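Its first residue numbered 1, the sequence shown is counted upward by one per residue in UniProt numbering. Scroll down for the structure; my scribbles are underneath it.
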Amino acid sequence: MPRSIDSIFHEGERVALFIDGANLYGAARSLSFDIDYRRLLDYFRSRAYVVRAFYYTALLDEQDYSPIRPLVDWLDYNGYTMVTKPAKEFTDATGRRRVRGDMDVELTVDAMEMADHVDHIVIFSGDGDFRRLVEAIQRRGVRVTVVGTIRTQPPMVADELRRQADVFLDLKDLEPVIARSRAEAEAGRQRGERRRKLMEDVPLPASEPEPEDEDLEDDEDYEDDDDYEDDDDYEDDEDYEDEDEEDEPAPAPAKPAPAPAPVKPRTPPRRKS
Numbered sequence: 001m002p003r004s005i006d007s008i009f010h011e012g013e014r015v016a017l018f019i020d021g022a023n024l025y026g027a028a029r030s031l032s033f034d035i036d037y038r039r040l041l042d043y044f045r046s047r048a049y050v051v052r053a054f055y056y057t058a059l060l061d062e063q064d065y066s067p068i069r070p071l072v073d074w075l076d077y078n079g080y081t082m083v084t085k086p087a088k089e090f091t092d093a094t095g096r097r098r099v100r101g102d103m104d105v106e107l108t109v110d111a112m113e114m115a116d117h118v119d120h121i122v123i124f125s126g127d128g129d130f131r132r133l134v135e136a137i138q139r140r141g142v143r144v145t146v147v148g149t150i151r152t153q154p155p156m157v158a159d160e161l162r163r164q165a166d167v168f169l170d171l172k173d174l175e176p177v178i179a180r181s182r183a184e185a186e187a188g189r190q191r192g193e194r195r196r197k198l199m200e201d202v203p204l205p206a207s208e209p210e211p212e213d214e215d216l217e218d219d220e221d222y223e224d225d226d227d228y229e230d231d232d233d234y235e236d237d238e239d240y241e242d243e244d245e246e247d248e249p250a251p252a253p254a255k256p257a258p259a260p261a262p263v264k265p266r267t268p269p270r271r272k273s
């Protein structure tokens, strides 16, 4: 290892770890190894007093199964402070489906708050946007170590971030002490594959059909309410009511009363002779 982590921390130094999950995963994948997060946390704890270890990631809540969900649950129960938020899906200009889950703001806010309670902050990310954050933390008298890698093509750490940090650790140099063995990594992939297949085999509950309205005939005969409200032919309610009054047909004339029956003339009585 070109630079020993033992020479980075001072005796009795309070340390906080800030892990950009997506960035660290991408860097480790480019270096062809999987991270054992139990070994990572134990390694730093054996060399410094770790006050808090934060892990940041975005999740797709609408998915039936997310490959990262088992990892998030495990980290939450094994010493990590999880910071998550829903990821946003969008379609780019080429029509391809993209997922956006930027956690820079959350990590920055937490790091600034923790700067008053620790002596050393370790950021696992190569994102150049954190250069300004590193500078602000250093002005508070806190040392900052950045973990990334320059062993890939292209390098997965911004040059300005690497220069700003007090210490830069290449992730490749940490591989012997934080990587999962190939057998463990393969077993984990198989468990994830079985879990995914189980989720796919679970039938979804059938939705009940909506009741049909017998009074309505074809849907095409009925327009939307929005179309009705936006129609310019309708003016004020008063004018609309006047038109109704003018269009009403005149009432039918009343039928004449029936004529009285003719009176039969009265004949005078006959006199006896």
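Quick reminder that beta carbons are idealized off the backbone N, C-alpha and C, glycines included. Just so we're clear, the structure is a prediction, and the values are computed from it rather than from any experiment.
Check                                                                                                                                                                   : Outcome
Would a C-beta distance cut-off of 9 angstroms place Asp166 and Val147 closer than the cut-off?                                                                         : no
Counting Cβ pairs, one atom from each stretch, are 3 or more of them under 8 angstroms apart for the region 129-147 and the region 74-94?                               : no
Do you know how far the Cα of Phe124 is from the Cα of Val50?                                                                                                           : 15 angstroms
Alpha carbon to alpha carbon, how far is Leu40 from Val177?                                                                                                             : 7 angstroms
Residue ranges of each alpha helix (DSSP H) run of no fewer than 4 residues wholly in the UniProt domain "NYN" (14-171), ordered along the chain?                       : 21-30, 37-45, 69-77, 104-114, 131-138 and 159-164
Looking only at its chain, what residues have a beta carbon closer than 6 angstroms to the beta carbon of Glu13, apart from the 5 residues adjacent to it on each side? : Ala48, Asp119 and His120
How should Met112 be labelled, buried or exposed, when 16 other C-beta atoms within 10 angstroms of its C-beta is the threshold for buried?                             : exposed
CB-CB under 8 angstroms to Phe9, same chain, minus the five flanking residues each way: which ones, in chain order?                                                     : Val15, Arg47, Ala48 and His120
Does the distance from the C-beta atom of Met103 to that of Ala53 stay below 9 angstroms?                                                                               : no
For Lys88, which option in Arg97, Leu161 and Ile68 has the closest C-alpha, if you only look at C-alpha atoms?                                                          : Arg97
Glu106: which of Arg162, Ala136, His117 and Tyr55 sits nearest, CA to CA?                                                                                               : Tyr55
I'd like to know whether the C-beta atoms of Tyr37 and Tyr80 end up nearer to each other than 9 angstroms.                                                              : yes
Throw me the rounded Cβ distance for the Ile19 and Arg180 pair, which I believe falls under 8 angstroms.                                                                : Incorrect: roughly 16 angstroms between the Cβ atoms, too far for contact.
From Val99, Asp110, Gly95 and Gly26, pick the residue whose C-alpha is nearest to that of Leu60; which is it?                                                           : Val99
Compare the Cα-Cα distances from Val122 to each of Phe168, Pro154 and Gly95 and report the closest residue.                                                             : Phe168
Can you give me the C-alpha to C-alpha distance between Ala115 and Phe130, rounded to a whole angstrom?                                                                 : 15 angstroms
When burial is assigned at 16 or more other CB atoms within 10 Å of the CB, is Phe90 buried or exposed?                                                                 : exposed
Gln164: buried (16+ other C-beta within 10 angstroms of its C-beta) or exposed?                                                                                         : buried
Apart from the five residues just before and just after Ser30, which ones in its own chain have a Cβ nearer than 8 angstroms to its Cβ?                                 : Thr149, Thr152 and Met156
Is it buried or exposed, Ala93, if we count other Cβ atoms within 10 angstroms and call 16 or more buried?                                                              : exposed
Do Thr84 and Thr108 have their CB atoms nearer than 9 angstroms?                                                                                                        : no
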